[in-house]
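**Q**
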Amino acid sequence: MISEDIRRQYTVTIGIECHVQLKTKTKLFSGADNDAREAAPNTLVNHIDFGLPGALPVLNEKAVELASRAAFALGTEPQRFSKFDRKHYFYPDLPLGYQITQFYDPIIKDGEVTFTLDGEPKTVRIHEAHIEADAGKSTHPVGTDYSLVDLNRAGTPLLEIVSEADIHSPAEAKGYARELYLRMRYADVSDANLYYGNMRFDVNVSVSKTSELGKRTETKNLNSFRSVERAAEYEVERQIGLLEQGERIVQETRGWDDAGQKTFSQRSKEDSYEYRYMPDPDLPPVVLSDEYVADVAAAMPELPDAYRTKFSAMGLDAKTVEDVIADPGAAKLVGMVYDDAGPDTAKRVAFWLLRPQEDDETAAHEVEPTEVNTASQVKNLIALSHMVAENKLSSTAAKEVLDSMLKTGESPEAIAETKNLLQVSDEGAIAEIVAAVLAENPKAAGDVQNGEMKAIGFLVGQVMKQSQGKANPALATKLIKKQLGI
Ligand code: MN
559 MISEDIRRQY TVTIGIECHV QLKTKTKLFS GADNDAREAA PNTLVNHIDF
609 GLPGALPVLN EKAVELASRA AFALGTEPQR FSKFDRKHYF YPDLPLGYQI
659 TQFYDPIIKD GEVTFTLDGE PKTVRIHEAH IEADAGKSTH PVGTDYSLVD
709 LNRAGTPLLE IVSEADIHSP AEAKGYAREL YLRMRYADVS DANLYYGNMR
759 FDVNVSVSKT SELGKRTETK NLNSFRSVER AAEYEVERQI GLLEQGERIV
809 QETRGWDDAG QKTFSQRSKE DSYEYRYMPD PDLPPVVLSD EYVADVAAAM
859 PELPDAYRTK FSAMGLDAKT VEDVIADPGA AKLVGMVYDD AGPDTAKRVA
909 FWLLRPQEDD ETAAHEVEPT EVNTASQVKN LIALSHMVAE NKLSSTAAKE
959 VLDSMLKTGE SPEAIAETKN LLQVSDEGAI AEIVAAVLAE NPKAAGDVQN
1009 GEMKAIGFLV GQVMKQSQGK ANPALATKLI KKQLGI
């Protein structure tokens, strides 16, 4: 471990490249299915993905629309003119011999992402973002002398988002990664399922004691916010350690060993690749009209910041707001409840629906977001919230009703009725039970009359028991005091 004193002498500089898988039905340039999740190897491949001679790519319009939405989610607009280039390199999982990407004229330039870290706003500028085709996947079975190639992912549309080197700590790196994830999900650009690698982060880290940037390393293919933070932290420590020993940093590509929680050298970048970029003659430029861009803007869903503003105004603290926002489905429901029924009702619903966001693994494995965003769902949530406010349901009972309500779509009244959960707020009925309880427990009743208010809890408990949990406890307390004349 490097001491705090030494660490303070260094400026940490981090830039992040993020590959986001665009949620199209088919691939970027072919009609093959884009959902490679459970498919057998090489089953989602056609002549274009194989790179057969004479096969011509046709741009998937949906990918352009999703990238345009991403532009708005990144605080800018899509470029009216962009085009595709060939990036040449040779690898078995790249049958064309080049990757089709946007090198000279990317679809997004000069964006900006602001998020909150420890209560302070942090802005990271976006240098550019470009559309490109993914490569296939190579596997190297242990103990064999061959490699396997699966081209199911070859041609999957990606948006590569390149940040400026505006990030200055591992915690900021994690915050930025999470913010990108949220924005891509809210903008409905990507399923952003981290477990399936829908978003992968490459983290460039350097340290320096002077105003000149240090040599940087790039740790590739991180697929969780936590690994982004840990890999950055590991590189900061490793690089400062080397420099303090008088050694130099080798500019290189590194991998992340999740089991060992460390980075490892993959290949040196001393002699940087010559990719021989050139415009792809098979693809015409992408030209977007003002009208097209305006239509995309008009169809943009609300982004996390809009919800942050709304939920803060509801009186939720910053941490709770982030917990609600972690699930776009939940945030949308709470937002609709707020619009229809106001802050108190929405606040109660928010606490029912939030999922704690600190557990990074949950995000990584999350498959099912809260679903069914219908008007009836909102109506039911409002009704349920009102039932609690009116003491018709205890908060424990409300949770039970909520679970089955979200599953079945039935009304909370019907569910509470069927499950026999309605609280009795009928004064007469509870007064009878109270009278019986006081008669059966003269000692506790006497204690309460003598000012020992602890005993009243016991009496309320007895009332709850005799009413099979359905008495409204506040009303029971009131009636006990009334009957004891205090
Ligand atoms: Mn890339």
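The sequence shown maps to residues 559 to 1044 in this note's numbering.
Where a beta carbon is used, it is the ideal one built from N, C-alpha and C, also for glycine.
Alpha carbon to alpha carbon, how far is V603 from R595? Give it in angstroms, no decimals.
**A** As a working mapping, residue 595 is identified with position 37 in the sequence shown. As a working mapping, residue 603 is identified with position 45 in the sequence shown. Approximately 14 angstroms, taken between the alpha carbons.
**Q** Any idea which residues DSSP pairs I574 with across the strands?
**A** The count along the sequence shown starts at 1 and reaches residue 574 at position 16. According to DSSP, I574 bridges with V761.
**Q** Identify whether M742 lies in helix, strand or coil by the three-state DSSP scheme.
**A** Position 184 of the sequence shown, counted from the start, is the residue given in the question as residue 742. Looking at M742 - three-state DSSP - the assignment turns out to be helix.
**Q** Contact check, Q567 vs N756 under 8 angstroms by CB: the rounded distance?
**A** To locate residue 567, count along the sequence shown from 1; it is residue 9. To locate residue 756, count along the sequence shown from 1; it is residue 198. The Cβ separation is near 39 angstroms, so there is no contact.
**Q** From what residue to what residue does the alpha helix (DSSP H) around D1005 run?
**A** Numbered from 1 along the sequence shown, position 447 holds the residue referred to as residue 1005. Start and end: P1000 to Q1007.
**Q** Is any heavy atom in the ligand MN found nearer than 8 angstroms to the beta carbon of T534?
**A** Since the first residue of the chain shown is 559 and the last is 1044, residue 534 is not available in this structure.
**Q** Decide if L654 is buried, meaning its Cβ has at least 16 other Cβ atoms within 10 Å, or exposed.
**A** Walking along the sequence shown from the start, residue 654 turns up at place 96. Burial call: buried.
**Q** Assuming A1002 and V1021 make a contact with CB atoms under 8 angstroms, what is their CB distance in whole Å?
**A** Here the question's residue 1002 lines up with position 444 in the sequence shown. Here the question's residue 1021 lines up with position 463 in the sequence shown. Contact flag wrong, Cβ pair sits at about 12 angstroms.
**Q** For E805, which of helix, strand or coil comes out of DSSP?
**A** Locating residue 805 in the sequence shown gives position 247, where the first residue counts as 1. Coil, per DSSP.
**Q** What residues sit near the ligand MN, counting only those whose C-beta is closer than 6 angstroms to one of its heavy atoms, in chain order?
**A** Having a Cβ closer than 6 angstroms to some heavy atom of the ligand MN are H577, E690 and E718.
**Q** Write down the C-beta distance between E787 and A729 rounded to the nearest angstrom, noting that I regard them as a contact closer than 8 angstroms.
**A** As a first step, residue 787 must be located in the sequence shown, where it is residue number 229. As a first step, residue 729 must be located in the sequence shown, where it is residue number 171. So it is a contact: roughly 7 angstroms between Cβ atoms.
**Q** Quick one: what does DSSP say V700 is sitting in, helix, strand or coil?
**A** Position 142 of the sequence shown holds residue 700. Correct three-state label for V700: coil.
**Q** Can you have a look at V1006 and say buried or exposed, based on whether 16 or more other CB atoms are within 10 angstroms of its CB?
**A** Here the question's residue 1006 lines up with position 448 in the sequence shown. Buried.
**Q** At the level of alpha carbons, what is the spacing between V982 and P1031?
**A** Your numbering for residue 982 matches position 424 in the sequence shown. Your numbering for residue 1031 matches position 473 in the sequence shown. One C-alpha to the other measures close to 9 angstroms.
**Q** Once DSSP output is grouped into helix, strand and coil, what is the label at T903?
**A** The residue given as residue 903 occupies position 345 in the sequence shown. Note: T903 maps to helix in three-state DSSP.
**Q** When DSSP labels each residue in this structure, what does A789 get in the three-state scheme?
**A** The residue given as residue 789 occupies position 231 in the sequence shown. Correct three-state label for A789: helix.
**Q** Check whether the region 668–675 touches the region 732–745, counting contact only when three or more Cβ pairs, one atom from each stretch, lie closer than 8 angstroms.
**A** Yes, since at least three Cβ pairs between the region 668–675 and the region 732–745 fall closer than 8 angstroms, the two stretches touch.
**Q** To the nearest angstrom, how far is it from the Cα of K767 to the Cα of T569?
**A** The count along the sequence shown starts at 1 and reaches residue 767 at position 209. The count along the sequence shown starts at 1 and reaches residue 569 at position 11. Their backbone Cα atoms lie some 6 angstroms apart in a straight line.
**Q** Tell me the DSSP bridge mates of F673?
**A** Numbered from its first residue, the sequence shown carries residue 673 at position 115. Paired residues: K680.
**Q** Span of the beta strand (DSSP E) holding H646?
**A** Counted from its first residue, the sequence shown places residue 646 at position 88. D643 to H646 is the span of the beta strand (DSSP E), which, as asked, contains H646.
**Q** Helix, strand or coil: how does DSSP classify T932 here?
**A** Residue mapping note: residue 932 aligns to position 374 of the sequence shown, counting from 1. Coil.
**Q** How far does the beta strand (DSSP E) with E619 in it extend, from its first residue to its last?
**A** The residue given as residue 619 occupies position 61 in the sequence shown. E619 -> not in any beta strand (DSSP E); alpha helix (DSSP H) instead, spanning E619 to A631.
**Q** Who are the Cβ neighbours of E998 in its own chain at under 8 angstroms, not counting the five residues just before and after it?
**A** Translated into the one-based positions of the sequence shown, residue 998 becomes position 440. Answer for E998: Q1020, listed in chain order.
**Q** According to DSSP, what are the bridge partners of V992?
**A** Numbered from its first residue, the sequence shown carries residue 992 at position 434. The partner list for V992 (beta bridge, DSSP) is empty, contrary to what the question assumes.
**Q** So, helix, strand or coil for E635, using DSSP?
**A** On the sequence shown, position 77 is the one that residue 635 refers to. Coil, per DSSP.
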